[in-house]
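Numbering (our numbering), first residue to last: 2 to 110.
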């Protein structure tokens with residue numbers, strides 16, 4: 002087994018300073034949420050704790066990030082973000098990765 006991809010960072014949560022280990026992609030997603038919401042990571046973590054999502058803090062943050070972007074992926078979320086509407090007929094849209102996307106390192110078997 003290779004080394005873990007998880008990245009450890011310190012955050013301030015409801016009960017004070019703590020550390021969380023998340024995948025790099027989740028840290029990027031959490032930072033994007035913070036930019037969109039104009040708040041700090043610690044404030045988002047506090048909000049997650051107040052929501053009472055079952056599981057540990059890190060698991061709850063993962064669920065929160067997923068819910069945040071899934072909500073934005075609804076038809077109403079797309080319209081609110083100015084993304085347009087999903088085509089109901091015709092060819093599927095091109096789902097190419099953005100030019101600046103960095104693929105994660107492969108996971109060793």
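Cβ coordinates follow ideal geometry from the N, Cα and C atoms, glycine included.
Where does residue 56 fall in DSSP's three states? Note: residue 56 maps to coil in three-state DSSP.
Under the DSSP definition of a beta bridge, which residues are partnered with residue 14? Under the DSSP definition of a beta bridge, residue 14 partners with 17.
Ignore the nearest five residues each way along the sequence and tell me which others in residue 58's own chain have a CB closer than 8 angstroms to its CB. So the qualifying residues of the chain are 14, 19, 21, 46, 49, 50.
Around the Cβ of residue 30, are there at least 16 other Cβ atoms within 10 angstroms (buried) or fewer (exposed)? Under this definition residue 30 is a buried residue.
Nearest neighbour of residue 60, chosen from 3, 2, 23, 41 [CA to CA]: With respect to the C-alpha of residue 60, the residue from 3, 2, 23, 41 having the closest C-alpha is 23.
Would you kindly work out how many angstroms separate the C-alpha atoms of residue 75 and residue 52, rounded to a whole number? Looking at the two C-alpha atoms, the distance is approximately 21 angstroms.
So, with DSSP's three-state summary, where would you put residue 71? The DSSP-derived three-state label of residue 71 is helix.
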